[in-house]
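Single-structure report; data block below.
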Amino acid sequence: MSSIAGTKSGLTWAVHISVLALVLLWLFPTVGLFVSSFRTTDQISSSGWWKAMFPQEQNLVLRTAAPDTQKQDGDLFVVEGNIFADNNESLESEISVWGVSSRAIADYVPGETADMGDDGRLTVQANGDYRLENDVELSGSRGERVFVTAVSPPKFTLDNYETVLFSGTARDNMAKAFFNTLTVTIPATVIPIVIAAFAAYALAWMRFPGRAILIAAVVALLVVPLQLALIPLLRLHLGIGIGKGYLGVWLAHTGFGLPLAVYLLRNYMVGLPRDIIENAKVDGATDFQIFTRIVLPLSFPALASFAIFQFLWTWNDLLVAKVFLIDATGETTVMTNQIVELLGTRGGNWEILATAAFVSIAVPLVVFFAMQRYLVRGLLAGSVK
Amino acid sequence: MHPALQGLITIVVGVGGCIGYFYLSNVFVDKVLFPASGPQAGRNINRANMVRPWLFLFPAIFALGLYLAYPVLETLRLSLTDRDAGGAFVGLANYKQMAQEPKFWEAMRNNMLWLIVVPAAATAFGLLSAQLTDRIKWGNIAKSLIFMPMAISFVGASVIFKLVYDTRPAGEDQIGVLNALWMSFDGGVFSTLFLRLLPAAILLGFAAFVLYGVYLIVRPLISSEASRGGGSWWAAPLRVAVGLGGAWLVFLSLRSVFHLFTATLPYGDPQTWLTIPYWNNFFLMVVLIWIQTGFAMVILSAALRGIPEETIEAAVIDGANPFDIFFKIKVPQIMGTIVVVWTTITLVVLKIFDIVFAMTNGQWETQVLANYMYDKLFRANDWGVGSASAIVIMLLVTPILVWNVYNARKEMR
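Chains as they are written, first to last, in my numbering: chain A, 12 to 396; chain B, 703 to 1115.
Written out as structure tokens, the structure is:
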């Protein structure tokens, strides 16, 4: 018996470890983006984000304080200070080697003195304290350049979010795109629900010829690729004067979302108890009353799950927005489109890209974690037969 | 905030308009057109009840017809005309032109690769994670985290994976995880183990798995069981087709194993992963697999929970080990769900656009049909060929469409 128990617990451990590995593997890429959005340009391009949690070695080009801060000490002219404090770097950094020329950045160890001839003698300590002394008065407007290789503690910044949300240029700033996306998303989520709910009620609880064919048609339209709709509908919109704009994209999302909405809601409404609805009918309620007073409140879970689907889908959509919404002026750009443009023009600027992407991901993630229950329920209703 | 205000007004007008339409049209039918009073009350009630469903359905039917059904026919018509010639009918000329373009065949080949790899991998990972998380305490948390990429847009996921695949020149610190990992291989024993033996083992396992599947599918054709199996007329050709497809897959994986051992790997050079022809397709597929695994897991996990406990208990009593229980008891019982998951992911794959558009835009031989179509429609402004490629996507979707409708009708009876 003990051997069976032993293998069983061994297997359980294996399960725990493999699940942990799987979860970490799945989280790893997202965490990378998240961490990168809090790092500066230099940090991102000099080391992998996974090193951001640990102190890391950096090469910095710093300057001593300007000569006008010099003091006279006996017959010497002296500039003193802390090289990190003077340059707004982290005070907890520790210098391993340093130099005074870009060709020899590792000439000296902390505590040694570099003789720069006419420019004086510079001593730098490991913690960044320095002393520059000269026999004659120091001149010039800027301090001496010092090249240090220092180990700095992890440092994170909110500057990227500041740039992306508030201060950035038209290309970097996502605030407008954020509101545009919201403007697209909310009507495009609400309107199909209303239309589909009525249709689903009719398909579930009313008897009329052709019902079966209509249901089959909805199932068929469920899988029609929206790529087919692009050109005909764009022509239609341009033809009837809607053109490219919000109205067009709302209508398009409504049309494309309807099959799933009708299908999900009908499947749910069919499952509602027949007694309630028939009793109401006997009591003289009209179909409209039954629908608004009984069926709609009872169908809340299905309505919620479709709302989440449609919200995620419209928020994350790129193709429909590109075709029906965004015109040549780019005034109505949405976040997905702006990120793609950033990818094209600023493929290397990871701090902006990562932050912009994370801003666009944040809202769906919040919705996802808050409403996961309904999302799962909707998925199950939509695909498990 | 002008557009936001406009949006608010649209919500109010749209929703109010819809509700107003439904309410007023019902009132109109009941009170004005067929009033339920007077000498013809009975007949009027019946008539009102005949009209009412169509009142409820009209907006939905109108929107579905205009936004989905009409475009299918219109695209078909456009694919047979030439825009430059004023929309003249040109027969199959657009299709002919498309068939002569190497980019189209590249897109077809890549789409087929996507179709094979992504649904298979996502379903397999989904099944694995569903089974593993099923019985552990923190399983629900693990599930949420694996499911999370579902909420992330394809564009967001593309940025995430662009960072993973990022390349820095040799000598600098790599900031992409994949290159950092790659640079740690030096051609020694570990490299051979992880880059040649392990993938080879996985590929051989896959080949064996497919071979077994092919054997199961083709067996009724060879032995005399076919007559007993109640095969429909289409069963035999389908079996042959699936069998041939499987055999091709086995051939591909065996060839890949051969290449694995003969190829010289450029150790120590940072790779620009997205520009390596053929293999870059797989790096793009990883993004979609990463997203879709959660979906597969959630549905398969619900199916696994729906398996009657007695069947598993009986197997345990009969001394089956966990692997036997999984493959011989559980998987056959959820086969229907696996098929549903597979087809759903297949549909996503057929329409895949954003990932390729954002990451490579079809360069370096990564073109897929949807992006090819977008190229033709909006960059080359060739609506004829663009529509023709849209029709190709539609044709690829059609078998699933037919299958879904067939199942839905069967269910309703």
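Ideal placement from N, C-alpha and C gives every residue a C-beta, glycine not left out.
Look at the alpha carbon of residue i and the alpha carbon of residue j, and state the distance between them as a whole number of angstroms.
{"i": "residue 223/A", "j": "residue 303/A", "result": "24 Å"}
{"i": "residue 1041/B", "j": "residue 1111/B", "result": "17 Å"}
{"i": "residue 779/B", "j": "residue 199/A", "result": "29 Å"}
{"i": "residue 31/A", "j": "residue 1003/B", "result": "17 Å"}
{"i": "residue 1054/B", "j": "residue 157/A", "result": "53 Å"}
{"i": "residue 1085/B", "j": "residue 1079/B", "result": "5 Å"}
{"i": "residue 376/A", "j": "residue 122/A", "result": "51 Å"}
{"i": "residue 870/B", "j": "residue 64/A", "result": "21 Å"}
{"i": "residue 929/B", "j": "residue 945/B", "result": "Annotation note: pLDDT 49 at residue 929/B (below 50); position unreliable, coordinate value reported separately. One C-alpha to the other measures close to 19 Å."}
{"i": "residue 39/A", "j": "residue 707/B", "result": "40 Å"}
{"i": "residue 15/A", "j": "residue 819/B", "result": "Reliability fails at residue 15/A, whose pLDDT of 47 lies under 50, so the model's placement of it is uncertain and no value is given."}
{"i": "residue 718/B", "j": "residue 196/A", "result": "18 Å"}
{"i": "residue 760/B", "j": "residue 189/A", "result": "34 Å"}
{"i": "residue 795/B", "j": "residue 192/A", "result": "40 Å"}
{"i": "residue 343/A", "j": "residue 256/A", "result": "8 Å"}
{"i": "residue 103/A", "j": "residue 909/B", "result": "56 Å"}
{"i": "residue 315/A", "j": "residue 833/B", "result": "28 Å"}
{"i": "residue 902/B", "j": "residue 220/A", "result": "59 Å"}
{"i": "residue 366/A", "j": "residue 41/A", "result": "12 Å"}
{"i": "residue 260/A", "j": "residue 911/B", "result": "46 Å"}
{"i": "residue 977/B", "j": "residue 828/B", "result": "29 Å"}
{"i": "residue 917/B", "j": "residue 924/B", "result": "10 Å"}
{"i": "residue 1048/B", "j": "residue 355/A", "result": "29 Å"}
Would you kindly check if the distance between the Cβ of residue j and the Cβ of residue i is under 8 Å?
{"i": "residue 860/B", "j": "residue 987/B", "result": "no"}
{"i": "residue 110/A", "j": "residue 118/A", "result": "yes"}
{"i": "residue 320/A", "j": "residue 850/B", "result": "no"}
{"i": "residue 120/A", "j": "residue 94/A", "result": "no"}
{"i": "residue 1014/B", "j": "residue 1027/B", "result": "yes"}
{"i": "residue 83/A", "j": "residue 90/A", "result": "no"}
{"i": "residue 758/B", "j": "residue 724/B", "result": "yes"}
{"i": "residue 98/A", "j": "residue 74/A", "result": "yes"}
{"i": "residue 852/B", "j": "residue 996/B", "result": "yes"}
{"i": "residue 875/B", "j": "residue 57/A", "result": "yes"}
{"i": "residue 160/A", "j": "residue 101/A", "result": "no"}
{"i": "residue 1128/B", "j": "residue 201/A", "result": "Outside the shown range of chain B, which is 703 to 1115, sits residue 1128/B, and nothing can be said about it."}
{"i": "residue 858/B", "j": "residue 867/B", "result": "no"}
{"i": "residue 754/B", "j": "residue 217/A", "result": "yes"}
{"i": "residue 245/A", "j": "residue 777/B", "result": "no"}
{"i": "residue 975/B", "j": "residue 982/B", "result": "yes"}
Given that residue i touches chain B, what residues does it touch there, using C-beta distances under 7 Å?
{"i": "residue 298/A", "result": "754"}
Against residue i, what residues of chain A qualify as contacts under a CB-to-CB distance less than 8 Å, listed in chain order?
{"i": "residue 1053/B", "result": "236, 237 and 238"}
{"i": "residue 1021/B", "result": "Those do not exist, as residue 1021/B stays about 11 Å from chain A at its closest Cβ, beyond 8 Å."}
{"i": "residue 803/B", "result": "Within 8 Å Cβ-Cβ: nothing; residue 803/B doesn't reach chain A, min ~18 Å."}
{"i": "residue 992/B", "result": "37 and 40"}
{"i": "residue 883/B", "result": "Under the 8 Å cutoff, chain A gives no residues; its nearest Cβ is about 10 Å from residue 883/B."}
Contact check, residue i vs residue j under 8 Å by CB: the rounded distance?
{"i": "residue 351/A", "j": "residue 241/A", "result": "No, residue 351/A and residue 241/A are not in contact; Cβ-Cβ is about 17 Å, not under 8 Å."}
{"i": "residue 331/A", "j": "residue 264/A", "result": "6 Å"}
{"i": "residue 306/A", "j": "residue 212/A", "result": "6 Å"}
{"i": "residue 232/A", "j": "residue 225/A", "result": "Rounded, the Cβ-Cβ distance is 10 Å, inconsistent with contact."}
{"i": "residue 882/B", "j": "residue 1074/B", "result": "Their Cβ separation, rounded to whole angstroms, is 34 Å, which puts residue 882/B and residue 1074/B out of contact at 8 Å."}
{"i": "residue 888/B", "j": "residue 969/B", "result": "6 Å"}
{"i": "residue 1052/B", "j": "residue 1099/B", "result": "6 Å"}
{"i": "residue 168/A", "j": "residue 51/A", "result": "6 Å"}
Find the residues of chain B that neighbour residue i, judging by a C-beta separation of less than 8 Å, and give them in chain order.
{"i": "residue 226/A", "result": "1110 and 1114"}
{"i": "residue 207/A", "result": "762"}
{"i": "residue 266/A", "result": "765, 766, 768, 769 and 770"}
{"i": "residue 383/A", "result": "846 and 849"}
{"i": "residue 43/A", "result": "862, 865, 866 and 879"}
Going along chain B in order, which residues have a C-beta closer than 9 Å to the C-beta of residue i?
{"i": "residue 347/A", "result": "855, 856, 857, 858, 1056 and 1060"}
{"i": "residue 273/A", "result": "762 and 766"}
{"i": "residue 270/A", "result": "766 and 770"}
So which residues of chain A does residue i contact, with C-beta pairs closer than 7 Å?
{"i": "residue 875/B", "result": "57, 58 and 59"}
{"i": "residue 1079/B", "result": "241 and 242"}
{"i": "residue 1088/B", "result": "242"}
{"i": "residue 1075/B", "result": "238"}
>> Restricting to runs no shorter than 3 residues, where is the beta strand (DSSP E) found entirely within the segment 51 to 77 of chain A?
In response: DSSP runs (the beta strand (DSSP E)) wholly in the segment 51 to 77 of chain A: 67 to 74.
>> Runs of 4 residues minimum, wholly inside the segment 987 to 1052 of chain B: which ones carry the alpha helix (DSSP H) assignment?
In response: Listed in chain order, the complete alpha helix (DSSP H) runs (minimum 4 residues) inside the segment 987 to 1052 of chain B are 1011 to 1019 and 1037 to 1052.
> Where in the segment 75 to 105 of chain A do unbroken runs of the beta strand (DSSP E), each at least 3 residues long, occur, reported from the N-terminal end onward?
Replying inline: The segment 75 to 105 of chain A contains these whole beta strand (DSSP E) runs: 82 to 84 and 87 to 93.
>> Ignoring anything shorter than 4 residues, give me the alpha helix (DSSP H) runs that lie fully in the segment 863 to 948 of chain B, in order along the chain.
In response: Secondary structure within the segment 863 to 948 of chain B: the alpha helix (DSSP H) runs of 4 or more consecutive residues, fully enclosed, are 879 to 885, 891 to 894, 900 to 924 and 927 to 930 (chain order).
> What alpha helix (DSSP H) runs, 4 residues minimum, are completely inside the segment 165 to 207 of chain A?
Replying inline: At a cut-off of 4 residues, the continuous stretches assigned as alpha helix (DSSP H) that sit fully inside the segment 165 to 207 of chain A are 170 to 173.
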